[in-house]
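Just so you know, the sequences run in chain order A and B.
Note that the working numbering has the first sequence beginning at 1, numbered continuously upward.
Note that the working numbering has the second sequence beginning at 1, numbered continuously upward.
Backbone N, C-alpha and C fix where the C-beta goes; we use that ideal spot for every residue, glycine too.
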Amino acid sequence: MSRIRKTFEQLKAQNRCALIPFITAGDPDGELTLPLLRALVEGGADIIELGVPFSDPMADGPTIQRASERALKNGMNLRGVLAIVRRFRTEDTVTPIVLMGYANPLEAYGSDFAIDAAAAGVDGVLTVDYPPEECVEFAAGLRRAGIDPIFLLAPTSIERRFGEVAAAGSGYIYYVSLTGVTGAGQVDYAEVARRIPEIRRKVGMPVGVGFGIRDAASAAKIAVIADAVVIGSRIIEEIENSPRAEATLRVTAFLRGIRAAIDEVSR
Amino acid sequence: MSELPYNLPDRSGHFGRFGGSFVAETLVPALAELTAAYAAAKQDPAFRAEFEYDLEHYVGRPSPIYHAKRWSALLGGAQIYLKREDLNHTGAHKVNNCIGQAILARRMGKPRVIAETGAGQHGVATATVAARYGMECVVYMGSEDIRRQAANVYRMKLLGATVVPVESGSKTLKDALNEAMRDWVSNVANTFYIIGTVAGPHPYPMMVRDFQSVIGTECRTQMPAVAGRQPDAVIACVGGGSNAMGIFYPYIDVPGVHLIGVEAAGHGLETGRHAAPLTTNSPVGVLHGNRTYLMQDEHGQIIETHSISAGLDYPGVGPEHAWLKDSGRAEYVAVTDEEALAAFHALCRFEGIIPALESAHALAYAAKLAPTLSRDKLLLVNLSGRGDKDMHTVTEQSGMVF
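What follows is the structure, given as structure tokens:
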């Protein structure tokens, strides 16, 4: 059983909602990424989404764009990201790691990507600009290597889409809670509450919700609806606004607040 | 060509291994809606009639073909003919496509249009048609380009558009495109994204090509009348590649017409400071919604490009050009900033025409090719825009102050 599936099954048995924080690998620098991963686990992360920096992050808002730019300036690349995951795996064999990024760096890495990522200990890959119909071979390669290809659904998605992502993906579905870029705007909770049960039923996978979740209150509202709460830009801001030496402590403290709020209301 | 008739892209927007639709899920339904709306419009005689009416009465089409006799004689070889897109309303070929997309936006009930721009020509054309059709208009432009193209920025503002400076990445065309995509993702319900070139996700490369193909379609009728026959070669500059696709497309099925796309070699291909992904055989990758040749580093990060002309300063190229290169139907070459400037000055002095620096790249290659050919050969160059917007850049290059 995949680490992601196992995580969701255990949480379900405990009637808890998953917490999925996101950070960009290499932000603020490559040395701090591993300590930050530990800090996220310490703060209550069930799964971690680790951003692979890209020069042209079209779906991201200013916060994650800045994180990407800092990471690239510090020389982070996909090989570096896999090296970090490999080191993380030597000390943590439980917490699933999902790489999140854009198609071009993955393609530039070459056809060994799925095998190398699996060997490093990657559990899932979410490629923002790979809709299922454009990555049939890539997704098949991931599955052969034992990695879950994770896909997005959006408020604009039509029903036919549910079946398509269900067929192509595994692990969980990442539901984008608003039409916009990461970190933006206001979430329409009533709309999310209306969509999630239907999506969960049709895709037969846990559904995580992200984009626009900024604090304990918004996380709690999502936790009563969804199987996982994804929180990214707000953590990047926490890292951005901390002195380097305090970043890990502040991230753990911030995430603990979210964790408590989620557990409070879990279904 | 062996495979007649030419019928790309396929239903999912692929030109062989190129093209496609690589976007975040939020935009997938919007692109499906656009594809359906465009397919319906294309079949609708009323849509075509409105498009053609505005091209004739608002843009001033058909644009003439002019025999550059004096310059041809000086070069001492093939005869050079210029397709005068510089005479269009707004001063470049960009407006053809903007009219098509604006009419489509209105049919789809979208009151707000957005655009990206490099040199500012597409931004001006979009702002123009938005004023003409009474639409709200927001144009994204790299702050580096805003500095280089101040006159066009003012023009857009006069026309009622909001110009948003883009400070991310290299602050040029590719970053403006990223930002426009972000706007579209956020406002997809009421907004139509008017992409200015034959790139982006399907159906844009096809749709922009179709609207721009009025250029080549006119040439096919005009060349026999003006020059007695079709040209031996058609030459056009390629950044994203819309003016080139517009003039090439109607000639793809015409045997014996050599198609030549001219990229920007910037400071020279050997310096790495250029914008010539096809000529340098850059790796194939995914950017801005499609698969194509892309200037990138070994880790798949897009690298900064350089060209004296903002309109050619783009790391990718339309997917249909990538396909035409691989299939051998078109040839791609590159000329340097210096060569383009020399051609710019030559056309000013010998023909009394001030060309856009983008178009000057096509002229520069024609000036290289013409002397190697006999006097009865015919070269048709797409003079895609006029150079008024480039006064600043050219005076700066000549060590003068504007």
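Residue state for Asn382 (chain B) is assigned as strand, using DSSP reduced to three classes. With a threshold of 7 Å between beta carbons, Ser242 (chain A) makes no contact with chain B. Counting the other Cβ atoms within 10 Å of the Cβ of His299 (chain B) gives 16 or more, which makes it buried. The beta-carbon of Gly101 (chain A) is placed no less than 7 Å from the nearest beta-carbon of chain B.
Between the C-alpha atoms of Leu87 (chain B) and Asn382 (chain B) there is a straight-line separation of about 12 Å. Secondary-structure assignment with DSSP links Met100 (chain A) through a beta bridge to A:Gly51, A:Leu126.
Flagged as an interface residue toward chain A: Arg182 (chain B), by a C-beta distance shorter than 7 Å.
Between Thr217 (chain B) and Pro255 (chain B), the C-beta spacing is not below 7 Å.
Each residue's CA atom was taken as its position, placing Phe113 (chain A) and Val52 (chain A) some 13 Å apart. Annotation: Arg79 (chain A) is outside any beta strand (DSSP E); the continuous alpha helix (DSSP H) that includes it extends over 78 to 91.
For Ile114 (chain B), the number of other beta carbons within 10 angstroms of its own is at least 16, and it is reported as buried.
The C-beta distance from His306 (chain B) to His345 (chain B) rounds to 21 Å, too long to meet the 8 Å contact threshold. Residues of chain B whose Cβ lies closer than 7 Å to the Cβ of Val176 (chain A) are, in chain order, Glu25, Thr26. Cβ neighbours of Ile99 (chain B) within its own chain (closer than 6 Å, five residues either side excluded): Asp54, Val129.
Annotated as proximal: Glu320 (chain B) and Pro205 (chain B), with beta-carbon spacing under 7 Å.
Between His392 (chain B) and the set B:Tyr6, B:Ala310, B:Tyr332, the nearest pair of CA atoms involves B:Ala310.
Only residues of its own chain outside the window of five on either side were considered, and among them Ala41 have a CB closer than 6 Å to the CB of Phe47 (chain B), listed in chain order.
Contact check for Asn104 (chain A) and Phe54 (chain A): beta-carbon distance about 7 Å, within the 8 Å limit, so the pair qualifies. Counted as a single uninterrupted DSSP element, the stretch harbouring Lys377 (chain B) is not any beta strand (DSSP E), since DSSP gives it neither H nor E. Residues of the region 136 to 149 of chain A that bring their beta carbon within less than 9 Å of a beta carbon in chain B are absent altogether.
Listed in chain order, the non-local C-beta contacts of Leu8 (chain B) below 6 Å within the same chain comprise Phe15, local neighbours out to five positions each way being set aside. Annotated as proximal: Pro371 (chain B) and Gly76 (chain B), with beta-carbon spacing under 7 Å. In the DSSP assignment, Ile236 (chain A) falls within the alpha helix (DSSP H) that extends over 233 to 240.
Excluding five sequence positions before and after Ile213 (chain A), the CB atoms of its chain that fall closer than 8 Å to its own CB belong to Ser177, Val187, Ala219, Ile222, Val229, Val230, Ile231, Arg234, given in chain order. For Pro203 (chain B), no CB of chain A lies under 7 Å from its own CB, so it is not counted at the interface with that chain.
Annotation: Cβ neighbours of Val181 (chain A) in chain B (cutoff 7 Å, chain order): Arg182, Val185, Ser186. Relative to Thr162 (chain B), the option among B:Ser170, B:Val153, B:Phe211, B:Ala68 whose CA is nearest is B:Val153.
Looking only at A:Val98, A:Ile97, A:Met76, A:Asp27, the smallest Cα-Cα distance to Ile64 (chain A) is reached by A:Asp27.
Look at Thr24 (chain A) here: in three-state DSSP terms it is strand.
When the beta-carbon positions are compared, Asn290 (chain B) and Gly19 (chain B) come within less than 7 Å of each other.
Under the 7 Å criterion on CB atoms, Asn74 (chain A) is classed as non-interfacial with respect to chain B. Using a CB distance below 9 Å, the part of the region 104 to 122 of chain A facing chain B consists of Asn104, Pro105, Leu106, Glu107, Ala108, Tyr109, ordered along the chain.
Taking 7 Å as the CB threshold, Ile302 (chain B) lines the interface with chain A.
Taking Tyr81 (chain B) as the centre and dropping the five residues before and after it, the same chain places the C-beta of Ile65, Tyr66, His67, Ala68, Met223, Val226, Ala227, Pro231, Leu378, Leu379, Leu380, Val381 closer than 8 Å to its C-beta, in chain order.
In this structure, Ala120 (chain A) lies near Val85 (chain A), with their beta-carbon atoms less than 7 Å apart. Glu144 (chain B) and Tyr189 (chain A) have their alpha carbons spaced roughly 40 Å apart.
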